[in-house]
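Trainee: Okay, so the sequence shown: first residue is 1 according to the working numbering, each after it adds one.
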Amino acid sequence: VVALVQDLASELAYIEALRDRLLRPVQGITQRLERLVAAYRGDSQRQETASRVTRLAITARQSFQERFDELAAQTGEVMSALRNMESQQAFIRSIRDQLYREQRAWQPILDAWAAADPSEEVSWDLITRTYQFLAPRYMPVTEWTAANRATRSLAKQVQAMSW
Numbered sequence: 001v002v003a004l005v006q007d008l009a010s011e012l013a014y015i016e017a018l019r020d021r022l023l024r025p026v027q028g029i030t031q032r033l034e035r036l037v038a039a040y041r042g043d044s045q046r047q048e049t050a051s052r053v054t055r056l057a058i059t060a061r062q063s064f065q066e067r068f069d070e071l072a073a074q075t076g077e078v079m080s081a082l083r084n085m086e087s088q089q090a091f092i093r094s095i096r097d098q099l100y101r102e103q104r105a106w107q108p109i110l111d112a113w114a115a116a117d118p119s120e121e122v123s124w125d126l127i128t129r130t131y132q133f134l135a136p137r138y139m140p141v142t143e144w145t146a147a148n149r150a151t152r153s154l155a156k157q158v159q160a161m162s163w
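1. When you compare the CB of Asp-7 with every CB in chain D, is at least one pair closer than 8 Å?
2. So, with DSSP's three-state summary, where would you put Val-78?
3. Measuring CA to CA, which of Leu-99, Glu-86 and Asp-43 is closest to Val-5?
4. Reducing DSSP to helix, strand and coil, say where Val-5 ends up.
5. Find the nearest neighbour of Ala-72 within the set Leu-126, Ile-95, Ile-127 and Asn-84, judged by alpha-carbon distance.
6. My output table needs one value for Tyr-40: the three-state DSSP class, helix, strand or coil.
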């Protein structure tokens, strides 16, 4: 039992390290962006861009938070986790691997924000780079697959018609 608890604790330690290296910095970036939106009250173009970046950063933060919450819910009951250690370990590792890949992708942005002096205004270049990073990954998208399927099925029906 002690060995199983140590294995579970070791797996969860990686997750906590990712929480410190990914979720908390993204939360900090989001807070700084929210302050920037308020600071750009007089410049509508910059305020709009900063608010778009903020919305995307909030979406990313929520995505990360949901994964951490899902993992906590799955492993919250220790006895159940120890009974199903192999499946729990596989689940933890899959979440860990996803978060690690995302952390690696985020690292240049996180480093740039960490290097920016919190007492000074953030450079517009950093906000632009952040937007260019976030937009393709977290922009809400509506897929129109139902319309495409209906068109395809209609085309098949038309081809089968004979006059």
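In this text, a Cβ means the ideal position worked out from N, Cα and C, and glycines have one as well.
Mentor: Here's the rundown:
1. Any reference to chain D falls outside this structure, which holds one protein chain only.
2. In the structure shown, Val-78 sits in a helix (DSSP, three-state: H, G or I).
3. Selected option, being the one with the closest Cα: Glu-86.
4. Here Val-5 sits in helix by DSSP.
5. Measuring from the Cα of Ala-72, the nearest candidate turns out to be Ile-95.
6. DSSP, reduced to helix, strand and coil, places Tyr-40 outside both helices and strands of the structure shown, so it counts as coil.
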